[in-house]
Structure formats: structure tokens, C-alpha cells
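Participant: The numbers in our numbering rise by one with no breaks, and the one at position 74 of the sequence shown is 711.
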Amino acid sequence: MTKLDKPPYFIELLTRDQSLKARHRFDHLPIRIGRGYDNDLILDDPYVAANHAIIETSETGDLYLRDLHSKNGLIHQGKRQSSIALNDDVIRLGHTNIR
Numbered sequence: 638m639t640k641l642d643k644p645p646y647f648i649e650l651l652t653r654d655q656s657l658k659a660r661h662r663f664d665h666l667p668i669r670i671g672r673g674y675d676n677d678l679i680l681d682d683p684y685v686a687a688n689h690a691i692i693e694t695s696e697t698g699d700l701y702l703r704d705l706h707s708k709n710g711l712i713h714q715g716k717r718q719s720s721i722a723l724n725d726d727v728i729r730l731g732h733t734n735i736r
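(1) Give every residue of the same chain whose Cβ lies closer than 6 Å to the Cβ of S707, excluding the five residues on either side of it in the sequence, and list them in chain order.
(2) Quick check on the burial criterion: 16 or more other C-beta atoms within 10 angstroms. Buried or exposed for L678?
(3) What span of residues does the beta strand (DSSP E) with Q655 cover, start to end?
(4) Leaving out five residues on either side along the sequence, give the residues of the same chain with a beta carbon under 7 Å from the beta carbon of L702.
(5) Rounded to the nearest angstrom, how far is the Cβ of R669 from that of F647, given a contact under 8 Å?
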């Protein structure tokens, strides 16, 4: 698990072959992710829900990604998860890979 107590935070969008497509910087938590325009990170992916997921810290200071009851969920290491501790792994939301 990653403990991050200070911004900035970075989310990388990856291509299908895991090459870097884009890097986004955030100076705050939580970070809301989805297709809707009210999110901090807006993903142009029809398989991503309008409000798909959120990055938050736990009570112990660990950084994690939590699914917001989306239809397609979060895929980590080939398995659907409701929340994932962030540690530089690739995670799929819809057809979008992030790290």
C-alpha cells in the first residue's frame, strides 16, 4: 500500500500496450473519476460510468481507489474489485487503463 500525505498526485492514462498516453496532476483528494463533466478526471470511454470511482485515503493514510457501484467496476490483475490499494499497478475502468 502507498501512503501519500502530500500532493501532488498523478494519474497516468495508458494505451492498450501499457505505454503512457497522458499524465494528469491533482493537488487535492478525493479525486473523482468518471465520464461525467463533474469529475476531476473525465474519461471519454462509453464503458466508464458517469461517476465511476474515487481516489481517497483510508484512516491509516493509505491511498486507495473505490468503485462507486459502477456497472463495469474496477479490474485489477484480471479480477473485479470494489476497492484497490494504490501501489503503481495498472487498473482498468471500462476500457481505460490507469496507473
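Backbone N, C-alpha and C fix where the C-beta goes; we use that ideal spot for every residue, glycine too. It should be emphasised that the depicted structure is a prediction, and the values quoted were computed from it without experimental measurement.
Facilitator: In terms of the structure at hand:
(1) What you label residue 707 is simply residue 70 of the sequence shown in a count that begins at 1. Counting only Cβ-Cβ distances below 6 Å, and skipping sequence neighbours, we find A686, H689.
(2) Your numbering for residue 678 matches position 41 in the sequence shown. L678 comes out buried.
(3) As a position in the sequence shown, residue 655 is number 18, starting the count at 1. Run containing Q655: none; DSSP gives neither H nor E here.
(4) Indexing the sequence shown from 1 puts residue 702 at position 65. Only A690, I692, L711, S720, I721, L723, I728 meet the Cβ criterion.
(5) Locating residue 669 in the sequence shown gives position 32, where the first residue counts as 1. Locating residue 647 in the sequence shown gives position 10, where the first residue counts as 1. The Cβ separation is near 16 Å, so there is no contact.
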